[in-house]
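Encoded as structure tokens, the structure appears first; notes follow it.
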Amino acid sequence: DTEVTQTPKHLVMGMTNKKSLKCEQHMGHRAMYWYKQKAKKPPELMFVYSYEKLSINESVPSRFSPECPNSSLLNLHLHALQPEDSALYLCASSQAMKGVGSNQPQHFGDGTRLSIL
Amino acid sequence: GESVGLHLPTLSVQEGDNSIINCAYSNSASDYFIWYKQESGKGPQFIIDIRSNMDKRQGQRVTVLLNKTVKHLSLQIAATQPGDSAVYFCAENAEGQNFVFGPGTRLSVLP
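Just so you know, the sequences run in chain order A and B.
To convert, count from 1 in the first sequence and add 103; that's our numbering.
To convert, count from 1 in the second sequence and add 537; that's our numbering.
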């Protein structure tokens with residue numbers, strides 16, 4: 104079992120819906136990440152939080168809104184998504200070093216499979 | 538931008554044989570590398586890592602080799618088992634930068 108827990112495992116939503124993806128880790132990691140993964144492709148970085156502050160936004164559309172309520176939780180709020188946003192959304196965490204995510208392994212959850220109708 | 542690539546997109550091996558998965562990287566500043574295994578319906582699972590001050594690191598049934606001269610990374614799996622069937626990603630990291638993932642190699646273990 105992974106030490107990074109993501110809920111829900113599957114989500115189907117319409118383009119006008121608002122939903123949230125949740126991620127939790129209790130490894131004491133202070134860096135947390137959201138990735139998007141399309142079928143047969145590697146994960147693509149979306150956001151990085153370091154010590155609960157957003158440090159990197161990889162030019163992600165505003166219909167994706169991340170939130171880090173505390174050092175263990177990471178949310179991704181979704182609104183007005185498009186069909187091309189259907190993908191596996193992965194959360195990861197790592198020990199934060201000087202320089203975001205530097206030289207420390209990232210531990211991934213099993214993702215939320217998102218389908219946009 | 539710079540990217541990490543793989544020579545073989547798919548690899549089929551007989552059960553019990555050794556597997557070698559290759560990865561080429563182009564960022565000369567990268568100093569930390571990870572191999573991940575991703576099974577169907579799951580997230581990437583950490584297998585082994587290596588820092589640039591090493592050229593070889595061994596784990597349980599796995600060995601990672603790093604050749605900085607030609608910017609090449611490989612993952613060797615000894616006595617490949619059906620449970621090793623998955624997609625394998627290499628990822629590179631330069632200090633202060635994000636991880637860059639390679640395109641992945643699918644490993645199929647034949648009975």
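Just so you know, even glycine gets a beta-carbon here, dropped at the ideal spot from N, CA and C.
Between which residues of its own chain and residue i is the CB-CB distance below 7 Å, once the five residues before and five after are set aside?
i: B:R598; result: I614, A615 and A616
i: A:S153; result: R133, A134, A199 and V203
i: B:I585; result: W572, R594, G596, V599 and V601
i: A:P111; result: T215
Of all Cβ atoms in chain B, is any one closer than 8 Å to the Cβ of residue i?
i: A:F150; result: no
i: A:G214; result: yes
i: A:S218; result: no
i: A:L124; result: no
i: A:N206; result: yes
i: A:L157; result: no
Using a cut-off of 7 Å between C-beta atoms, extract the partners of residue i located in chain B.
i: A:H210; result: F583
i: A:P145; result: F626, F638, G639, P640 and G641
Using beta carbons (cut-off 8 Å, strictly below), is residue i in contact with chain A?
i: B:E632; result: yes
i: B:F570; result: no
i: B:D586; result: yes
i: B:K605; result: no
i: B:K608; result: no
i: B:N635; result: yes
Name, in chain order, the residues that DSSP records as bridge partners for residue i.
i: A:L193; result: A:Y138
i: A:N178; result: A:K125 and A:E170
i: B:A631; result: In DSSP, B:A631 forms no bridge with anything.
i: B:T547; result: B:R643
i: A:H132; result: In DSSP, A:H132 forms no bridge with anything.
i: A:T110; result: A:K125
i: B:I585; result: B:W572
Only counting the same chain, and skipping five residues up and downstream in sequence, which positions put a Cβ closer than 6 Å to that of residue i?
i: A:N191; result: The question names Asn, but residue 191 of chain A in the sequence shown is Leu. Answer for A:L191: Q140, G214 and R216, listed in chain order.
i: A:L176; result: E127
i: A:P146; result: Y138, Q140 and L193
i: B:L612; result: I558, W572 and V601
i: B:R643; result: T547 and V624
i: B:H609; result: A561
i: B:S645; result: S549 and S622
Select from the options the residue whose C-alpha is nearest the C-alpha of residue i.
i: B:P581; options: A:I219, A:H210, A:V163 and A:S218; result: A:H210
i: A:S158; options: B:E552, B:Q634 and B:D586; result: B:Q634
i: A:L184; options: A:Q109, A:V107 and A:L114; result: A:L114
i: A:L251; options: A:T119, A:T108, A:P111 and A:N206; result: For chain A, the structure presents residues 104 to 220; residue 251 of chain A sits outside this window and is missing.
i: A:H182; options: A:A195, A:S174, A:S197 and A:S168; result: A:S168
i: B:Q575; options: B:L647, B:F638 and B:D592; result: B:F638
i: A:H129; options: A:S218, A:N206, A:S197 and A:P164; result: A:S197
i: A:L148; options: A:K156, A:M116 and A:Y136; result: A:Y136
List, in chain order, every chain A residue whose beta-carbon is nearer than 7 Å to that of residue i.
i: B:K579; result: D213
Give me the chain B residues within the contact set of residue i, using Cβ-Cβ distance strictly less than 9 Å, ordered along the chain.
i: A:L193; result: G580 and P581
Looking only at its chain, what residues have a beta carbon closer than 8 Å to the beta carbon of residue i, apart from the 5 residues adjacent to it on each side?
i: B:F636; result: I571, A628, E629 and N630
Any Cβ of chain C within less than 8 Å of the Cβ of residue i?
i: B:F626; result: In summary, chain C is missing from the structure at hand, where the protein chains are A and B.
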